[in-house]
Each structure stands twice: as structure tokens, then as C-alpha cells.
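For reference, the structure is listed below as C-alpha cells.
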Amino acid sequence: MNPAQFDFETIRQTTARAMTRRALFGQAASGLGGLALASLLAGDSKVNAADASSQTRGIAGLPHHVPKAKNVIYLFQNGGPSHVDLFDYKPELARNRGIQIPDSVVGQARFSTMTSGQTARPCLPEISKFARHGQSGATVSDFMPHTAKITDELCFVKSMTTTQVNHAPAITFFLTGSEMPGRPSMGSWLTYGLGSESAELPGFVVMTSRDKEASCGQIFYDFYWSAGFLPSRYQGVKFRGGGDPVLYLSNPAGISREARRAMLNDLDRLNAMTLDRVHDPEISTRISQFEMAYRMQASVPELTDFSDEPENVLAEYGPDVRRAGSFAYNCLMARRLVERGTRFVQLLHAGWDQHRNLNTQLKVQCTDTDAPSAALVRDLKRRGLLDETLVIWGGEFGRTPFLQGKIEEMKSWGRDHHPYAFTIWMAGGGVKPGISYGSSDDFGFRAVTDPVGVHDLQATILHLLGIDHTRLTYRFQGRDFRLTDVHGNVVKGLLA
Amino acid sequence: MFRIFRRPIIALAVFGMIFVASAQAADPGEISFSRDVLPILSDRCFACHGPDKANRKADLRLDDQKAAFVSGVIEPGKPGESELIARIESPEHDEVMPPPKFGKPLTSRQIDTLKAWVAGGAKWGRHWAWDVPIRPNVPTAAGAKVRNPIDAFVVARLKAEGLTPRPEATKAELIRRVSLDLTGLPPDAAEVRRFLSDDAPEAYERLVDRLLASPRYGERMAWDWLDAARYADTNGYQGDGERTMWPWRDWVVGAFNEDMPFDRFTVNQIAGDLMPEASRERILATAFNRNHMINGEGGRIAEENRVEYVFDQTETVGTMWLGLTLTCARCHDHKYDPVSRRDYYRLFAFFDTTPVNGAGGSGQTAPVLDMATPAEVEKQKKTAAAFETLLKVVVAKEAKLREAGMVVKDGKYDTKLPVIIESILRKGPNDRAAQNYEELKKYYGSAEPEYLNQLDELRKLKSARDEAASKITRVMVMGEAPQPRETFMLTRGAYDKREDKVSAGLPASFVPGKSESTDAGRRMSRRDLAEWLVSPENPLTARVTVNRLWQTFFGAGLVKTTEDFGLQGQLPSHPELLDWLAVEFREPAANSGARPWSVKHIVRTIVTSATYRQSSTAPEELWARDPENRLLARGPRHRLPSWMLRDQALAVAGMLTPTMGGPSVKPYQPPGIWEEATFGNKAYVQDHGEALYRRSLYVFWRRIVGPTVFFDTPNRQNCSVKTVITNTPLHALVTLNDTTYVEAARVLAQNLSKLPETDDEKRLAEAFRRVVVREPSGNEIEALRSALKRQRGIFAADREAAEKLSKAGEWPGVPGLDVAEHAAWTQVCLMLLNLDEALTKP
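Residue numbers (this note's numbering), protein chains in the order written: chain A, 1 to 496; chain B, 1 to 842.
Here's what the structure looks like:
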């Protein structure tokens, strides 16, 4: 082996396994046979919990500094929400309605092939009304009445920029730091670095939803929550909207929980005999992983059982909250997950891609997401969880301040993808509440004050969780990789 | 040549910080440039003082002998006068190298190594993998532990470590291990009896020869090749349309089975179409390069897609044959390995020659090898025409319905129609999801009977069309465009940022003087590339290939970074063994009787070695000392790949369908997986009958959501050559709860009920043998008995549950079997299939 190369991961796993094995042998040596071992494992013993998975531990030396946030809930809005319709109020667009957006503003900007051939770029003002809200006076569209009520909790970033103009690469960029699939996603980095606080639930959970009309064909690629080259247990566990929330969670028809328990006791006993003979520490890991699976079979249904939620809380999330697979349901699940120690919850909601249906679809999209997002922030706050939970709401880019289509054909108005300026918001977890950070030009076209790039946002998120983004690295193919590649600066102005 | 490492690799725990103390040369005479010095220079210095000229600092490069010495920072023999040493030892923050902000300071051990190296004369060398392997002398080591040269190298190393090999595994363990490794299946009972009763000294070798001759061998070996070649049955990305590349998959199986020499295997796949006798079979082989994903997403620029495809082809070949990670060189000169951006785009140019233009998203984009029958084509045309005709009628009707709903309110467009109906109509009937049809039916109800009838008919015609189209087998293959395309270097890999024009050529530093792309004006072609890959002067192909084979059987390569043989890759654990295998692969010893490039010869050599045949049972201290078995002081023991677990379950239950090849099949999968991932556009229609029990190799692979019964498998989206073995609760849920396993347990249980022995103990022992091949111990039988007793109690009290369990899967049941008894045995069998030992290669 090469003196310059440290394979931390392997060594850490090995040590963890070796320690467990000693623990197991300790039991055997003190006269407990396989059966006692099995019942020991069946219980909630500390030995077992510590080993339940290496999922629960992070890597040595982390956090690098005192964290502000423990958990992240990322409400990812696939498709590209229209910043000029929703948050970034630009009166100049109304003054120039239907008039070509100045070339001096557009410059050499590149667009998707949907409008790259279009020479007419008439300004299109917001399709509904803006008003100022809260102490902060943030501008929010009347399409989002609930978000409007919590603006003093929110930190708007109005100067986001990205380098990507197509959905999949742009989303991949936001979630993994690279537009090419294959890098670890943010949730994987965080659970790898910090571990998870839950021994019974995955540290990184993903849930997806989409608009009811299925107007949008954007699919959810699994590389949005991939562990990339990190060990695969850091991959996001996707909770499904129908059937078992976790694949294969339910026992087969005819096998009760008791029958499974009885079988696992005997399985543990037989595996312990193999361990005694072979001494492969992986066997003890397997015993505990089977036990963890058994516990998950109980803890996940408990997680998805909303019967302990007060009616007023459920009402706040909106009527869809009981429909598994809806954005509202996923928002409530997100809160229940972070309460139970899940580190990173990634919601993906598709449908924000209004190329030709701005007038009909944007409102629908807002209705689906507005109340649940606001309810989540309020709910976290009431429970004292908002301080330690960073909530992020935003898409992979914004939408063009100019029209895609023809101004006289109102029924097919739309906006194209727009990477040069757009808005996201964050709440809790150590960000400044009640502010708007950065700004775009008078047309909402380019970020002009304090632009925030995708790597900057990622560096900031990591910072809030106590991580120096330049120091959380993993060696793959001979190179030390990190979420922010070789870029990114912590945006100090966002920190509380 | 490399010496054996002197010191053991020891894991030390110090205040929770753990590090590996590796071999450290004690005096200057022992310093090896490529083993000791180059890794330090590469990891800590090359980022700024390496091959990447754009980012080179102070005009100093340490990757090149001449440049390094000309710079004057190294005074051979005089560390005290060498600037290099002064800088790495400097206490000054702004002087010390590497700079603190680089974040990778040198350890004192590394500084000592560099000092000792300079003191010893700063002898230069090359990265080991760039030199062509030469057959090393086999160490002399005698005794029963040495069956072939592999063992001589391993034992010599173990001796230096103060270790001895483990004794040979039991015969039962051996037959299970080698059967799984060579065929992906457990041995059948007859084979076990035959082997256990064969007392001849060469019984094991004879077994290996039988396994190598089995057609199951090709199926097993194909899996790893398919993973690396990112083979799948769909295109990936949005839409994820189907493709029919399975004839290529079958070609791979056949090639392994006939032991096609690896040089021919290589040339056929990379350039079969360019060979003088380009038979259909050779053209089929080139489908290898068309296995990449295809992006049919709207809004994508065709050329951007096309360039992505060529990147993928270039990098896949780079990883699979050269063990190089070329991706970095898309944007900048490689920071560590001698691959410049120019080299990258010259390799790229080899593949930049096909007529593919990146437009459309068809999984049958020309050039294709048409393997359709005239009847299939006729049917496809007919069904497509019928669909198109009715489609026109329906589109016109829907435009009217939509128009009828439109109103203008307050100067804004609005519609009377419910939003969902308007949205569905706007999208049009061409790609309509099933649930949308239902919405339309609900809304228009009795108002539009004719229209609703047409919709029903349209759906039928569409499935008839799709069905017929999917039966047409056209395999995407390689071919040259009539007009050669010009290739340019691209700034940061952006398709539209062209720089210098380049022509196809080999990486300059691997073929000094020979890399010129034109040979008397002739353009180099993929054929030149392929032939160079398997030429005697190529230092990498043979090493990289034998290393992957080693990984197949030992769980990790001799070079652990199977994907990276470059400077940042790990050094081989047994460098001489690696080289011996590589040379033996390329030019087998005369007395071996093997042909050059015979994969079976290398496989046979590996699995008949004493090293492979060792017991994997070892004292606790050995597991602690060498958890990863890098020293090979015990036999390989790893969890089986998930695809093999499925095959094993089918085999032990006697359900496996032996059929080879053909279109992929769709076995059990929990409902809604495809539908959820594709927004209802792709419905999973499970097969029935024997298709449910085909080998995993033939399971349909949808690229955006692979078969859920598999885990720890590459996603088949990009080239992947690394074995991944993790241990998570989610995996336990698969093998405990997936219908495949529950059904296999149920069928195994009913098979046991047919045994002439009625005694529980005998039946339990037989079940145990069928799953893990060996005899159970007394304690194990006792545990099995009590498990059976407990499960009998549970199901006797709950016959309803027993009824349900005894119906798992579609395999026929056995009439007259008591359900409670059957269920109890099913539980015991499911437990057996989930034993650590069942999940693990012994």
C-alpha cells in the first residue's frame, strides 16, 4: 500500500466491525450461547444500537466548527419556478410589456432550444399581483398567500445563478455539484460526513411528487439522490408514494411480525454459530443489519401513521396531506423524519415548467406547494425544530422575463428556462430571517448585486451544518472530490 | 522490478484517529522511485507541478525527469543543497511546500522518504504501469502450498510478513465456491456427489474443467462485462425508450463460452465493422460502443448529445482497456497521468466518425444491424399505419373539444373545462398516460360516446403498434459516416466551444514517435486503436484485464483501484504476480498448452491455485490484521452479487429455466415501480411461466430504474468496473420479502415434502445441504429443529396465514400438502436462503 493513501472508509468500517465482534465474543465468552445472543440483539441494547449501522456515525474530525443546523429539508421545485411571477417583482417589465427586452440586457445569453431560435423576446410582466408582506416587506405573488404570511421567517436569495439551461443537468448540478450524473448528492455527503441520528430510519430520505395534471414530463432520476462513488449506504432512500414507503418493507403475505421475529431469532443463532467458526466480522454486521431491517419494519409504519397529528396541524398542510405521494404529505413526512433524527430530507416536486401554459399551470403549481411549504416552516418553529433545521425552497433555474410564444396568443403564454437570475428561499438553521439577499437587474434578467452561484449555496449549506466545504473530501479515481468541486464561497451575508 | 514489502500493513488506532502504516524503506538503498517517491510527488505536487501546463506554477514540473533536474531544485546525493527538500521542510508559512492552503501537507515520514531518495542519488524511474510487463522470475517456494506460480508469489510475500497460508478449504466448500464463481450457480446434487466421491488427486481440476465447459460459464462471465459496458434494455433519460441490444449480450456470452481470445474479443468489439472480413457477427460485436445512454429530452441540442455519446465511448474504452480515468482530460491536461487534452481529443476522434448526429432519441438509431424477420416488419408497418390513421381523427376531435371550452375573461385566456381536462387535451393523445384516459372518460361520460370509443380503439392500436415495434430486433452498431467529420478540441468539453482541429491518434506518451495520426497520409481508425490496445507494446490492457478477473474471484483486484492504474491509483499488492499473470495472459508459457489471450486459461490458473483454494475460515487475529485480505493469507469470502443470489435461490428450489439468450424477461417486481419513475408512461407487465425463472442475466434492465430485486449492482448508466459489496438493512428486506425468495423457499419446502425420508432431521439436513452444500453440524441441526418447531406452532394456530404463505409466487403447489406444515417449512427454507453462509461465497 501506498503511504500517501488513506482508505479511511474501509478502515473505519473494519474497526467498527472488529469492535462489534469483540462485543459479540464478549457475550459468548461470558457464557451466553447463540440463543441469548439472539435475544440480546432483538432488544434495544446499546451494543446493538451502536452497531446498528455504520450509518449512524460520521467521519472523524467532523463537524469542523460548531454547527448552526443539524438537519436539512430541501423542498426542490423541479422545472424552474418563475421568479418574476412569484418573488422578484420588476415593475420595469410592466412598463415594457410586449416590447423587446433590450439587447444590452440579454447580451450573449444562451437559452434552451425552445427559444434559442426565437428572435422576438417581448417583456412579459407578472401574470398576477404582487404585494409586500411582513416586517421585511418581501414581495410575494398573490398566488402564494401562505408563503406571504411567513416572509419574516424567510431569507430570500434573489441573485441565484446557475450554469445549466436544461432540467436534468441543472438539477444534477444543484444536488450533486456537477451537471454530469455520477457524483454523490448533497444528502450523501452530509450523511457520510456527519452520520445520522437515527438508528431506525435512514439518514437520507427522498420523496417525490408532481402536479396532479401530470402536465410535466420531468422524471426523477435516481442520480438526484445517488451516493456516487461514496459507499452505497449513503445513497438516499426513496420513500415511495404508493405501496410500501420503503421497497420490500412489508412481510410477505402470511408471515406475521411474530413469525418473522421467531425466524430471525433462529437465523441470528445460526449466523452466530458461523461467526464462531469463521470469525469473519462481516457476519456480525449482517446480524445487526437484519435486526435493523426488522426495526425499520416497525418504525416506518409508525412514521407514516399520522393519527397522532392534531387536526389543526393536518389542516394547515392542506387537504392533500392524507394523500400519500402528494407534496403536502411529503412535507409533513419531512417534519416527522427530522424529528426522528433523519439528517437530510429531499423532496422533489415536478411541474414548474411553464413553457406554454403559464396562465393555467402556474397557479395550480402554487396551490399544490404554497400551503404545505408554509405549514412546514410554522410547524417546525412551533416544535422548536426550526433553529436546527435548514429549510430550502427553490428550483434548478428561473424563467425568462420575456415571453416564450406570441403576446397575442395569451392561451399559450409561457417562459423559457432562465439560469442568469432567479430566486430561492431558505428558513431556519442559522440563516438570517426576514431578509432579501442580492438582487437582479430591472428586468429580472441578470443577478447584479451579490450573485450566488450553485457552489456558493452548497458551501453555505455545508457551513451551516458545521462543515468546511473544502475539507469534506473523498478520494475516487485518484482524486479528492468534494461537493463544490474546486469552487464555492460561503455566503456570509446569509448567516444569522 | 518491485520488491516485496517488508513490513506488515497494520491498522493502528490512536485517539480515534486511524491510519495505515505502510511499508517504509529503512535506508536510501531501498527506496524505489515508482513505489515510494512517485506516489508522494503525484499526490502532493503534481496538481501544480505536473503534466497540466495550464495550471503549472513557477514553471516547475516534477513529473518529467529532465524538467525536474533542469530546474535545479534537486541536487542528487545532496539533500542539504536541494531546494526541493528545503521547501518541504521550511517552517515558513509562505515558503513551505505544498502550500498550507492546498490542504495536503506532507507527513514527516514522506519528507524522510524524499530526503532519503535525494541522498541516495535521486534515481528516477517511471510509474510502474507505463512500462510493458515482463515475465518476472517466479520465487522458489516449495511445498504443498504451492500449486502454481500464483502461490509462489503469494507465499513469498506471506513469508516476508511472517504469515502462512490457510489450509485448503473442505471439498464441500470448494465445490460451492468454484461453482458459484465460474457459473454463478450452486453445484447440483449429482455434481456434488461426483466430486465428493472422486478421490483422485486431480478431482478438483477435473471439476474446474467441467465448469469451464458449461454454457453457464459464459453467462456468469458476461455479467461483469455487461456492467462495465453499461448494457441495458432502454436508453435512459426522460422517455427511457426501449432498445433491442440483447443479441450483443448473447454474443458476449458466446464469446466467453468459446473462449474467444481476448485480442480478438477486443478488436471485434471496437472495430469489427472495419475488419477485412466484417461478418455479421463481427459487426454485431461493435454494438459494445453503442450501449451508451441516449438522450431524447426535448430542448436538447443534437450536437451536444452527440458529443456526450462520443465522450462516453472514449472514456468507457479508456477505463475498460487502459484502466485510465480520462474524464479529467476533457477540460484540462490530466493532473497526474500523462494524458494531455490533445491526447484525449485524439482518442475521442477515433469514435467521432459515425453517422450518428445526436438527434431524436430512438434506441434503434442507425447504423443498425437489422435482425428482423420480414413478417415482423410487415406487422410493424401495418400496426403503425392503423394507429396513425385513427390518431389523426382523434387529434382533430380533441382540438374541437378544447376550442369548445375556451373563453376570454377579463382580457385573459380561460377555459370552462376543468384544468385537468384542458391539460390532458393540450398534451394530445400521442403519449397519453393511462390515468389520463380515465379522466377523459369520467368527464365526457355519455356526452361523447363516439369519441370515447375512438379513444379505446386508439389505446388498443397503440399497444399493438408498440408491441410489434418492440419485437423488431435492430441492434445499434458502429459504422463510418461517408463524409469524415472534423474533430476539434472542445473548451471544457462544451460541444460548441471548438479549438484546434485534431485527428485520431494514440496517447503521445505511450507510443513515443508512433502517435502521429497519419501514416503516409492515412487516417488512423478504430482498427488502429483496437490493434494497439492488444499489441505487445501496450503496457496496460493485459494487466487491467487480469486484474479485473482477479477481482471477480477475490472480491478486489491486485490493484484495488480496478478503474485507475494511473499515478493516483493504488499500487498493486503483488506487483510481480500481476505482471506474471499479464504476461501469461498475452504469451502463455509453452508448457501450459494455452492459446495467447485465453481468458479461460487465466481463470483456470487462478481458481486452481492453492491461494484460491485456501479455507476462508481464519483466526480472529488474521481478520483483524488484514481485514481486506490484501495479503491473501486466507481464501476469498464475500457476499454473493445480488444477481447471483437470485439465481442461487431459483437453482436450489429447482425452478431455474435453463433457456439461454433472446429478448429480456420481466420477472416479479413490486407494483408501480416503473409507473412511478416514468409518470405512468411505462407500465411493467410481468411475464408468467418459465420467463419468471430465467437467469438474472436475462432480466429486463430499465435504465432509469433498474430491477429492484438487485442491489449493489452498477446502474448501467456509465461504465463501472468496480465490485461493490455493502451490507445494509435494505438488502435484508429484499432477500426476506421479495416474492422471488419467498417463492423459492415455498417451492424448496414442497420439494422436501416429496422426499422418501419423512424424518424431520433428515429433511432439515437435506434442505441445509441444498442451500449451502455442506453437512450441518449437530448444533445447527438442533437450531433448525427448534426453528421448525416454533414455526409449526405459529402456523398451526393461524392456518389462514399459512394458506397465504403457501401461495407465494406462481409456481404450482403440491396438492394434498398440509398448509400449516408447508408454511412452517417455507419459513425454515426462507431462513436458510438468508443464512449469512447462503448469502456468502464460502
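Note that the Cβ used here is the ideal one computed from N, Cα and C, for glycine as well.
A direct Cα-Cα distance of roughly 13 Å separates residue 327 (chain A) from residue 393 (chain A).
Taken in chain order, the members of the region 234-263 of chain A whose beta-carbon sits within less than 8 Å of a beta-carbon on chain B are 237, 240, 241, 242, 243, 244, 246, 247, 248, 249, 250, 251, 252, 253, 254, 255, 256, 258, 259, 260, 262 and 263. Our two residues, residue 309 (chain A) and residue 724 (chain B), have alpha carbons roughly 41 Å apart in a direct line. For the 7 Å CB-CB criterion, residue 729 (chain B) and residue 289 (chain A) form a contact.
Contact of residue 489 (chain A) with chain B is not assigned, every C-beta pair being separated by 7 Å or more. For residue 269 (chain A), the C-beta contacts it makes with chain B under 8 Å involve 783, in order along the chain.
Chain order gives the chain B residues near residue 296 (chain A) as 729 and 733, where near means a beta carbon separation below 8 Å.
In the DSSP annotation of this structure, the continuous segment of the beta strand (DSSP E) that includes residue 156 (chain A) starts and ends at 154-160. Contact check for residue 713 (chain B) against residue 834 (chain B) fails: the beta carbons are separated by 7 Å or more. In this structure, the straight-line span from the alpha carbon of residue 528 (chain B) to that of residue 562 (chain B) is close to 25 Å.
With contacts defined as CB atoms closer than 7 Å, residue 502 (chain B) and residue 346 (chain B) qualify as a contacting pair.
With distances taken between CA atoms, residue 743 (chain B) lies nearest to B:823 out of B:435, B:353 and B:823. Per DSSP, residue 630 (chain B) is not a residue of any alpha helix (DSSP H), being assigned neither H nor E. In this model, residue 319 (chain A) and residue 453 (chain B) are separated by some 35 Å (Cα to Cα). A residue is called buried when at least 16 other Cβ atoms come within 10 angstroms of its Cβ; residue 273 (chain B) meets this threshold and is buried. DSSP lists B:408 as the beta-bridge partner residues of residue 413 (chain B). The criterion of a C-beta distance shorter than 7 Å is not satisfied by residue 592 (chain B) and residue 147 (chain B). Contact between residue 94 (chain A) and residue 122 (chain A) does not hold, since their C-beta atoms are separated by about 12 Å, which reaches or exceeds 8 Å. The beta carbon of residue 485 (chain A) sits closer than 6 Å to the beta carbons of 177 from its chain, once the five residues preceding and following it are set aside; these are given in chain order.
Distance from the Cα of residue 92 (chain A) is smallest, within the candidate group A:402, A:492 and A:425, for A:402.
If you keep only unbroken alpha helix (DSSP H) runs of at least 4 residues inside the region 790-817 of chain B, you get 799-805.
Between residue 294 (chain A) and residue 245 (chain A), the alpha-carbon positions lie close to 15 Å from each other. Across the set B:243, B:716 and B:210, the C-alpha of B:243 shows the shortest separation from the C-alpha of residue 471 (chain B).
Interface flag for residue 789 (chain B) against chain A is unset, since no Cβ pair is found closer than 7 Å. Ranking B:184, B:805 and B:276 by CA distance to the CA of residue 829 (chain B) puts B:805 first. In the three-state DSSP reduction, residue 183 (chain A) falls in the coil class, being neither helix nor strand. Within the region 362-381 of chain A, those residues whose Cβ lies closer than 8 Å to any Cβ of chain B are, in chain order, 364.
Contact of residue 219 (chain A) with chain B is assigned, a C-beta pair being separated by under 7 Å. Not flagged as an interface residue toward chain B: residue 227 (chain A), since no C-beta distance is shorter than 7 Å.
In the structure shown, residue 647 (chain B) adopts helical secondary structure according to DSSP, grouped into three states. The residue among A:276, A:333, A:275 and A:284 with its C-alpha nearest the C-alpha of residue 302 (chain A) is A:333.
Within the same chain, and ignoring the five residues on either side of residue 52 (chain B) in sequence, the residues whose Cβ sits closer than 6 Å to its Cβ are 332, 333 and 335. Residue 122 (chain A) is bridged by DSSP to A:100. Taking the CA atoms as reference points, residue 112 (chain A) sits about 10 Å from residue 118 (chain A).
Considering only beta carbons, the part of the region 387-414 of chain A lying closer than 9 Å to chain B consists of 409, 410, 411, 412 and 413, in chain order. By the criterion of a C-beta distance shorter than 6 Å, residue 442 (chain A) is surrounded in its chain by 92, once the five residues flanking it on both sides are discounted.
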